[in-house]
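A.B. asks:
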Amino acid sequence: MGEQEKNRSVLPVHVGIIMDGNGRWAKKRFLPRPAGHRAGAQNFRTITRYCSKIGIKYLTVYAFSTENWTRPKDEVGALLRLFKEYLEEALRDFMDENIRVRFIGDVSAFPPELQVLIHEVEEASAQKTGMVLNLAMNYGGRAEIVRAARRLSEDVAAGRRDPEDVTEEVFSQYLYTGGQPDPDLIIRPSGEERLSNFLLWQSAYAEFVYFDILWPDFTTKDLDHALEIYASRQRRFGGV
Ligand code: IPE
Ligand code: IPE
Ligand code: MG
3 MGEQEKNRSV
13 LPVHVGIIMD
23 GNGRWAKKRF
33 LPRPAGHRAG
43 AQNFRTITRY
53 CSKIGIKYLT
63 VYAFSTENWT
73 RPKDEVGALL
83 RLFKEYLEEA
93 LRDFMDENIR
103 VRFIGDVSAF
113 PPELQVLIHE
123 VEEASAQKTG
133 MVLNLAMNYG
143 GRAEIVRAAR
153 RLSEDVAAGR
163 RDPEDVTEEV
173 FSQYLYTGGQ
183 PDPDLIIRPS
193 GEERLSNFLL
203 WQSAYAEFVY
213 FDILWPDFTT
223 KDLDHALEIY
233 ASRQRRFGGV
């Protein structure tokens, strides 16, 4: 087996990326933080296309957390404008790609025109058969678990589900990612080594790879490097 094939044989099915370091990227260049977000959004397009090309089946990217609302109003506004631009562009150009776009997080908190776009993009790409791209927007792992618990309790209260039948598999169906495999690999650029509320339930046995590279500078080569590191890891899932 060639080196390439060997790597392919252990290609993660589901990759998560915490797109972090936009602000520091801008600061280093004496630019305002939104300029970093713009560069980060551009890089998101590049990395997404690359993941789809090399055969990743699920990609989940953390774009905006439930805690990011605490940032200055101007910065949140700039981020919302970038989301809108991206979604409009996705509707125009991105539909040539065989990528199915889904949103995870409470999108009902976004401005109505953004919500409309979100639904349009989801619908327009629903029949795509290639990579599933989960965009985590107003996403928080804890909020997701609480939402799942609430929906599950509603089903129990309505008699649709017996508490005795609640297993890990059943519970995970109530998460935004219900029906999808757990992430195998989670990548965080920027130098921070923490989850920051990303995929808390789903990452139980994910491999973590951290890079001291700011997200706008993170290249397809760096992604390849992360995949190599992943391929060299021995996953035991609690076994021997
Ligand atoms: C990630 O970059 C983008 C979002 C969280 C929306 P940051 O804005 O967190 O960049 P740093 O971490 O301040 O450099
Ligand atoms: C995590 O980055 C959220 C996203 C990348 C969207 P943050 O920059 O918000 O995380 P902390 O504050 O460093 O933990
Ligand atoms: Mg950050």
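Sequence positions in the sequence shown follow the working numbering and run 3 to 242. Glycine residues also receive a C-beta, built at the ideal position from the N, C-alpha and C atoms.
1) In whole angstroms, what is the alpha-carbon distance linking residue 109 and residue 227?
2) Nearest-angstrom Cα distance between residue 49 and residue 222?
3) Please look up how many angstroms separate the CB atoms of residue 208 and residue 187, rounded, as I've assumed it's under 8 Å.
4) Please look up how many angstroms separate the CB atoms of residue 26 and residue 216, rounded, as I've assumed it's under 8 Å.
5) May I ask you to list the residues that DSSP assigns as paired with residue 97?
6) Is the distance from the Cβ of residue 88 to the Cβ of residue 182 below 8 Å?
7) Run through DSSP, which three-state label would residue 9 get?
8) For residue 55, which of 73, 13, 70 and 72 has the nearest alpha-carbon?
9) Hey, residue 220 and residue 213 are a contact pair by Cβ (cut 8 Å); roughly how many whole angstroms apart?
10) Which value, in whole angstroms, describes the spacing of the CA atoms of residue 142 and residue 172?
11) Which residues have a Cβ closer than 7 Å to any heavy atom of ligand 3, listed in chain order?
12) Beta carbon of residue 85, beta carbon of residue 135: below 8 Å?
13) Once DSSP output is grouped into helix, strand and coil, what is the label at residue 172?
14) For residue 93 versus residue 126, is the C-beta distance shorter than 8 Å?
15) Can you tell me where the beta strand (DSSP E) with residue 207 in it begins and where it stops?
16) On the DSSP letters alone, give me the boundaries of the alpha helix (DSSP H) that residue 222 sits inside.
17) Have a look at 29, 124 and 75 and flag the residue whose alpha-carbon is nearest the alpha-carbon of residue 90.
C.D. replies: According to the data block:
1) Here residue 109 is taken as the residue at index 107 of the sequence shown, counted from 1. Here residue 227 is taken as the residue at index 225 of the sequence shown, counted from 1. The straight-line gap from Cα to Cα measures roughly 33 Å.
2) In the sequence shown, counting from the first residue as 1, residue 49 sits at position 47. In the sequence shown, counting from the first residue as 1, residue 222 sits at position 220. Computed Cα separation, rounded: 6 Å.
3) What you label residue 208 is simply residue 206 of the sequence shown in a count that begins at 1. What you label residue 187 is simply residue 185 of the sequence shown in a count that begins at 1. That belief holds up - the Cβ atoms of residue 208 and residue 187 are roughly 6 Å apart, short of 8 Å.
4) For the purposes of this step, residue 26 is taken as the residue at position 24 of the sequence shown. For the purposes of this step, residue 216 is taken as the residue at position 214 of the sequence shown. With 8 Å as the limit, residue 26 and residue 216 qualify as a contact, their Cβ atoms being about 6 Å apart.
5) The residue given as residue 97 occupies position 95 in the sequence shown. Residue 97 is not bridged to any residue.
6) On the sequence shown, residue 88 is found 86 positions in, with the first residue counted as 1. On the sequence shown, residue 182 is found 180 positions in, with the first residue counted as 1. Cβ atoms of residue 88 and residue 182: not closer than 8 Å.
7) The residue you call residue 9 lines up with position 7 of the sequence shown. For residue 9, the predicted structure reports a pLDDT of 47, less than 50, and the residue's modelled location is therefore unreliable. The matter cannot be settled from this model.
8) Translated into positions along the sequence shown, residue 55 becomes position 53. Among 73, 13, 70 and 72, the Cα nearest to that of residue 55 is on 13.
9) Residue 220 sits at position 218 when you count from the first residue of the sequence shown. Residue 213 sits at position 211 when you count from the first residue of the sequence shown. Right, the Cβ-Cβ distance comes to about 7 Å (below 8 Å), so this counts as a contact.
10) In the sequence shown, counting from the first residue as 1, residue 142 sits at position 140. In the sequence shown, counting from the first residue as 1, residue 172 sits at position 170. Rounded to whole angstroms, residue 142 to residue 172 spans 20 Å at the Cα level.
11) 22, 23, 25, 192 and 194
12) As a position in the sequence shown, residue 85 is number 83, starting the count at 1. As a position in the sequence shown, residue 135 is number 133, starting the count at 1. Contact flag unset, no.
13) Your numbering for residue 172 matches position 170 in the sequence shown. Assignment of residue 172 by DSSP, reduced to helix, strand and coil, places it in the helix class.
14) Against the sequence shown, residue 93 aligns to sequence position 91. Against the sequence shown, residue 126 aligns to sequence position 124. Yes. Within cutoff.
15) Numbered from its first residue, the sequence shown carries residue 207 at position 205. Segment: none, residue 207 is in no beta strand (DSSP E) and carries neither H nor E.
16) Numbered from 1 along the sequence shown, position 220 holds the residue referred to as residue 222. Run containing residue 222: 222–234, per the alpha helix (DSSP H) assignment.
17) As a working note, residue 90 is residue 88 in the sequence shown. Checked all of 29, 124 and 75; the closest Cα to residue 90 is 124.
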